[in-house]
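Numbering (the working numbering), first residue to last: 3 to 328. What follows is one structure encoded as structure tokens, with my remarks underneath.
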Amino acid sequence: MMYLICFRFAYSATNGLVYMWIAFGMVINAVMTVLFGYIYFSFFTAFSIGKIHHTVGFYIMYGLHIAMTVGSVIGGFFIETDLFIQELPLIVIILFSAILGPFYLFSESKSKKLEGALETANARISELSVYEERQRIARDLHDTLGQKLSMIGLKSDLAVRLVKKDPEAAISELHDIRQTSSIALKEVREMVSNMKNVKLQEEITHVQQILIAANIQLKVEGNPQYDRIPKLLSNSLSMCLKEAVNNVVRHSQATECKISILQSADFIEMIISDNGIGISKSSKRMSSNGLNGMKERVEFVNGELEVSEDNGTTVRIIVPIVITHD
């Protein structure tokens with residue numbers, strides 16, 4: 003009963019109290035092992051030690067645990083020789099569990115902590131990408147509309163003052179306002195069109211920055227002639243590339259990524275591969291994070307999308323070049 007109380011408090015305790023309760027459990031475990039052969043208590047102690055997050059604390063408690071467990075077993079052999087010989091197979095199994103169990107639990111805990119940190123970092127990268135895009139759009143809008151809207155405001159005020167004194171001058175100002183507003187509208191339409199028609203070359207530069215921020219090495223291969231890729235295909239490939247790299251950063255746990263673009267007179271082939279955990283372990287998350295959208299974009303331009311696993315994930319896209327002008 004005392005051991006169960008120590009185990010319960012060791013499981014729920016925080017800060018330094020966890021070490022105190024584990025130490026109490028070790029003492030009880032050693033006494034029970036020597037007197038009654040209850041070595042299986044050491045298995046629960048190993049579980050408690052494996053849940054320690056602090057590295058130094060883990061190794062200190064692990065060393066004490068091994069020393070007390072082995073010492074109590076040796077002492078038990080001298081005191082209760084017949085009992086320990088009879089229970090020898092169980093003792094060997096529990097000793098191995100007591101030795102290896104804490105390391106397994108400790109490494110699993112560290113892995114979950116690192117995965118959480120990686121998810122947080124990836125979310126931060128996504129937020130920064132969105133923020134950067136908003137800033138770029140804000141700058142474009144300011145450069146495109148700021149001066150012209152100011153001019154329209156000034157000319158409107160001037161036209162109001164001239165409408166009674168000099169109607170002809172007021173009409174002239176109104177014509178200028180109309181002309182300026184038409185130019186501004188045209189520039190806004192061009193800006194929106196440029197946003198929609200993303201260039202493949204620019205997207206490669208953009209994803210390179212994202213991969214660098216995620217500590218993933220990028221290698222670009224191929225012979226693309228960007229000026230000869232129709233805008234529709236360039237836009238589709240750019241969006242697919244963006245989504246594929248997004249999946250690499252967020253789900254693959256990769257350290258390397260390779261983008262290969264092969265172009266001929268009849269087709270363009272783009273391959274995005276990584277050395278991560280593979281599609282089998284990340285396919286569920288990837289399917290909800292753009293894979294279906296990539297497939298729709300590729301099928302829209304009569305292309306083919308292929309996703310495979312070979313020491314990581316490989317996304318292969320082939321689109322025919324059937325558009326000769328935009």
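Note that the Cβ used here is the ideal one computed from N, Cα and C, for glycine as well.
Within a 10 Å sphere around the beta-carbon of Y64 sit 16 or more other beta-carbons, which makes this residue buried. In the three-state reduction of the DSSP assignment, K221 falls in the strand class, which pools E and B. In this structure, the alpha-carbon of K112 lies about 10 Å from that of G118. Taking a 10 Å sphere around the C-beta of Q181, we find fewer than 16 other C-beta atoms and assign the residue as exposed.
I263 sits close to P226, with the two beta carbons spaced by under 7 Å. Exclusion of the five residues before and after A215 leaves I127 as the residues of its chain whose Cβ lies within less than 7 Å of its Cβ. By the neighbour-count criterion, in which a residue is buried when 16 or more other Cβ atoms sit within 10 angstroms of its Cβ, T71 is buried.
With a threshold of 16 other beta carbon atoms within 10 Å, D159 falls short and is exposed. Contact annotation, I323 with L307: C-beta distance approximately 17 Å; criterion of less than 8 Å not satisfied. If you draw a straight line from the Cα of I261 to the Cα of Y228, it is about 15 Å long. Following the DSSP letters along the chain, one finds V317 inside the beta strand (DSSP E) bounded by residues 315 to 322. Within the DSSP bridge table, the entry for S240 names no partner.
Looking at the backbone, the Cα of K166 and that of I173 are separated by about 11 Å. Rounded to whole angstroms, the separation of the alpha carbons of V247 and I206 is 10 Å.
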